[in-house]
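**Q**
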Amino acid sequence: MKTFLLLLSTALFLFGSDAVTTRYKVKLSLFGTVGEAKITIAERGDEYRMIVEDYATGLAAKISGNERDRMVSSGRIVDGRYISDRFELFQRNDSTVETNRYFFDHEAKTVTRIQDKNETVTEREFDIMSMGIKEIKKKKRTQKTKPLDFYSPYDALSVVLNVPKLLEHGGRVEIKPVGLAKKERKLYISKPEGEALTVALEQFDYPGIVTAVQLDSYELKSDDEYGVLIGYNSRGGIDEVVTKETYFLIGYGRIEKMDEIRVDADEIFSQ
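The sequence shown lines up with residues 40 to 310 when you count with my numbering.
1. Output the residue ranges of the alpha helix (DSSP H) runs that lie fully inside the stretch 57-85 and measure 4 residues or longer, sorted by chain position.
2. How would you write the range of the beta strand (DSSP E) that Pro186 sits in, first residue to last?
3. What's the gap between the Cα of Gly114 and the Cα of Ile167?
4. Skipping 5 residues on each side, what residues in its chain have a beta carbon closer than 7 Å to that of Lys178?
5. Can you tell me whether Met110 is buried or exposed? The criterion is at least 16 other CB atoms within 10 Å of its CB, across all chains shown.
6. Look up Gly209 in the DSSP assignment and give the residues it is bridged to.
7. In chain order, what residues of the same chain have a beta carbon less than 8 Å from the beta carbon of Ser134, not counting five sequence neighbours either side?
8. Tell me where the alpha helix (DSSP H) around Leu219 begins and ends.
9. Tell me Asn201's beta-bridge partners as DSSP assigns them.
10. With burial defined as no fewer than 16 other Cβ atoms inside 10 Å of the residue's Cβ, what is the status of Gln253: buried or exposed?
11. Roughly how many whole angstroms lie between the Cα atoms of Val91 and Ser112?
12. Grab me the residues of Pro231's own chain with a C-beta within less than 7 Å of its C-beta, minus the 5 sequence neighbours each way, in chain order.
13. If you measure between the beta carbons of Ala58 and Ala95, is that distance less than 7 Å?
14. Kindly indicate which three-state DSSP category Phe126 falls into: helix, strand or coil?
15. Expressed to the nearest angstrom, what Euclidean distance is found between the alpha-carbon atoms of Gly247 and Leu196?
16. Taking the alpha helix (DSSP H) that Leu240 belongs to, which residues open and close that run?
17. Nearest-angstrom Cα distance between Ile122 and Glu162?
18. Look up Leu268 in the DSSP assignment and give the residues it is bridged to.
19. For Lys296, which three-state DSSP category applies?
20. What three-state label does DSSP hand Leu226 in the structure shown?
21. DSSP three-state label for Glu146, please.
22. Out of Glu146, His145, Glu127 and Asp155, point me to the one whose CA is closest to Val136's CA.
23. With DSSP as the reference, label Ser113 as helix, strand or coil.
24. What residue does the alpha helix (DSSP H) around Leu98 start on, and which one ends it?
25. On the DSSP bridge assignment, give the partners of Asp244 in chain order.
26. Quick check on the burial criterion: 16 or more other C-beta atoms within 10 angstroms. Buried or exposed for Leu268?
27. Got a sec? Which residues, its chain only, sit under 6 Å from Asp278 by beta carbon, not counting five neighbours each side?
28. Using the Cα positions of Val302 and Lys204, report the straight-line distance between them to the nearest angstrom.
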């Protein structure tokens, strides 16, 4: 679920020092609701901060080991663009806690990743008392610091906030956001128009969606394919996302908005 949610942010129009939190339910076509997500974006002056939290529910929680994820994008707003300074991805389940932090140096055009992973592993040892092999669970911690082999001013969350700027001249934009997946990959962004938009809007169930943006993490083989479609309402907020991405091996994915509330921006920046 986390890979899909990394492609999802919210793009409401915020004025001055303001913030909004939107809740979504995550569904798979064969199993119904498999989780929930909460997405908050705050702006204060020329700063922005986005927090995405998700957790699996029901059968999905059992299969994933009660998976919970938290993603945080922080940075500055420069000439209408959201420029990342730091991106954090926290992942947790019953056996593993992993944190990946990405630090951007825009002058040097470098991004450094710091990984901290704590996991429970099963090791086999010879037990002299029983004269046999015994399985023992142990805690293992791994820490790594490594510069990425590419530079981008955008992370996996801020890139969606930048969609209006990236597509202001139309066409299909190719970009490689930081933190999109463990194996960093390209993202192709486009905005369906004309007949293609009509077809795209037919994919959504949520009422009030007026336009869409298409995100693909692979090269499409035909014009009627898509990876992810994001549905926007007339205020610029995201109401629904549908996907045919291959990481949903057991059905198509769908994220539907549940509700949204205004929150205090200073509180979000203090988290």
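Every residue, glycine too, gets a C-beta built ideally from N, C-alpha and C. This one's a predicted model, so the numbers in the text were calculated from it and none came from an experiment.
**A** In short, the structure shows the following:
1. none
2. Mapped onto the sequence shown, residue 186 falls at position 147. Gly171 to Pro186 is the span of the beta strand (DSSP E), which, as asked, contains Pro186.
3. For this step, residue 114 is matched to residue 75 along the sequence shown. For this step, residue 167 is matched to residue 128 along the sequence shown. Taking the straight line joining both Cα atoms gives about 57 Å.
4. Along the sequence shown, one-based indexing puts residue 178 at 139. Cβ neighbours of Lys178 beyond the five flanking positions: Asn157 and Thr159.
5. Within the sequence shown, residue 110 is the residue found at index 71, counting from 1. Buried is the call here.
6. Against the sequence shown, residue 209 aligns to sequence position 170. Bridge partners of Gly209: none, in fact.
7. For this step, residue 134 is matched to residue 95 along the sequence shown. Excluding residues within five positions, the ones whose Cβ falls inside 8 Å are Gly104, Glu158 and Thr159.
8. To locate residue 219, count along the sequence shown from 1; it is residue 180. Neither: Leu219 is in no alpha helix (DSSP H) and is coded neither H nor E.
9. Along the sequence shown, one-based indexing puts residue 201 at 162. Asn201 pairs with nothing; no bridge assigned.
10. Here residue 253 refers to the residue found at position 214 when the sequence shown is read from its first residue. When all chains shown are included, Gln253 counts as buried.
11. Here residue 91 corresponds to residue number 52 of the sequence shown, with the count starting at 1. Here residue 112 corresponds to residue number 73 of the sequence shown, with the count starting at 1. So the alpha carbons of these two residues sit roughly 9 Å apart.
12. In the sequence shown, residue 231 corresponds to position 192, counting from 1. Hits under 7 Å: Ala239, Ala251 and Gln253.
13. Against the sequence shown, residue 58 aligns to sequence position 19. Against the sequence shown, residue 95 aligns to sequence position 56. No; because the gap between Cβ atoms is not below 7 Å, this pair is not in contact.
14. For the purposes of this step, residue 126 is identified with residue 87 of the sequence shown, where counting begins at 1. Correct three-state label for Phe126: strand.
15. Along the sequence shown, read from residue 1 onward, the residue named residue 247 stands at position 208. Along the sequence shown, read from residue 1 onward, the residue named residue 196 stands at position 157. Gly247 and Leu196: Cα-Cα distance of roughly 24 Å.
16. In the sequence shown, residue 240 corresponds to position 201, counting from 1. Leu240 -> alpha helix (DSSP H) spans Glu234 to Leu240.
17. Within the sequence shown, the letter at position 83 stands for residue 122. Within the sequence shown, the letter at position 123 stands for residue 162. Straight-line Cα distance between these residues: approximately 44 Å.
18. Here residue 268 is taken as the residue at index 229 of the sequence shown, counted from 1. DSSP output for Leu268 lists Gln253 and Val281 as bridge partner(s).
19. As a position in the sequence shown, residue 296 is number 257, starting the count at 1. Lys296: strand per DSSP, three-state reduction.
20. Here residue 226 refers to the residue found at position 187 when the sequence shown is read from its first residue. Note: Leu226 maps to strand in three-state DSSP.
21. Counted from its first residue, the sequence shown places residue 146 at position 107. Coil, per DSSP.
22. What you label residue 136 is simply residue 97 of the sequence shown in a count that begins at 1. Nearest of Glu146, His145, Glu127 and Asp155 to Val136, Cα basis: Asp155.
23. Start at 1 with the first residue of the sequence shown, and residue 113 comes out as number 74. Here Ser113 sits in strand by DSSP.
24. As a working mapping, residue 98 is identified with position 59 in the sequence shown. Looking at the DSSP string, the run of the alpha helix (DSSP H) that includes Leu98 is Gly97 to Ser103.
25. Stepping through the sequence shown from its first residue, residue 244 is reached at position 205. Its beta-bridge partners do not exist; DSSP assigns none.
26. In the sequence shown, counting from the first residue as 1, residue 268 sits at position 229. The residue in question, Leu268, is buried, as its Cβ has 16 or more Cβ neighbours within 10 Å.
27. As a first step, residue 278 is located in the sequence shown; it is residue number 239 there, counting from the start. Around Asp278: Tyr245, Ile248, Gly270, Asn272 and Lys296.
28. If you number the sequence shown from 1, residue 302 lands on position 263. If you number the sequence shown from 1, residue 204 lands on position 165. A straight-line Cα-Cα distance of about 26 Å links Val302 and Lys204.
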